[in-house]
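Chemist: Provided herewith is a single structure, encoded as structure tokens, for subsequent inquiry.
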Amino acid sequence: MLAKQANLLAKQVNLLAKQVNLLAKQVNLLAKQVNLLAKQVNLLAKQVNLLAKQVNLLAKQVNLLAKQVNLLAKQVNLLAKQVNLLAKQVNLLAKQVNLLAKQVNLLAKQVNLLAKQVNLLAKQLNLLAKQVNLLANTESGLMSNKTW
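When you line the sequence shown up against our numbering, it's residues 15 to 162, in that order.
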């Protein structure tokens, strides 16, 4: 029963690890998008300097892109926190699996010890049976001697 629970827990840990890996890939993709947006902001800033007539329009676009970059940065930070939380949960689950494995091993040792005790008891019962048979044979021999 404990082994099944340990296997189920191990599968859950593996699933969480896959989810963590997927989140990490998403974080990397968002980081690339942030870098791309940052490059776009730099390009827009150069255009603002070159095109004096469109300074106000380009400034508004830069501000909008900056807000998007900040929003994406916040999203990246939030995802990073979630990844860290999932990593902590995976580590906790791994510790629980290890503890469960230790408990299963301890239980196996206890079962082995109990089996040894049962075997010893069986040997003692066999010895007692031999002694009873010997005593019965001795009594039988004494009884047959009395009939003579």
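Quick reminder that beta carbons are idealized off the backbone N, C-alpha and C, glycines included.
Since the structure is predicted, the reported quantities are computational estimates derived from the model, not experimental observations.
For Met157, which of helix, strand or coil comes out of DSSP?
Modeler: helix
Chemist: Could you tell me the alpha carbon to alpha carbon distance between Gln145 and Ala129, rounded to whole angstroms?
Modeler: 24 angstroms
Chemist: Is it a yes or a no for the region 39-52 touching the region 129-141, going by three-plus beta-carbon pairs under 8 angstroms?
Modeler: no
Chemist: By alpha-carbon positions, which one of Val97, Gln96, Asn91 and Ala52 ends up nearest to Asn77?
Modeler: Ala52
Chemist: Looking at Val55: is its Cβ nearer than 8 angstroms to the Cβ of Leu79?
Modeler: yes
Chemist: Below 8 angstroms between beta carbons: does that hold for Ala108 and Val27?
Modeler: yes
Chemist: If I measure Cβ to Cβ from Val104 and keep anything under 8 angstroms in the same chain, skipping five residues before and after, which residues do I get?
Modeler: Val27, Leu30, Ala31 and Val34
Chemist: Spell out a yes or no on whether the region 15-24 and the region 114-130 are touching, meaning 3 or more CB-CB pairs, one atom from each, closer than 8 angstroms.
Modeler: The way I'd put it, the region 15-24 does touch the region 114-130; three or more beta-carbon pairs between them come closer than 8 angstroms.
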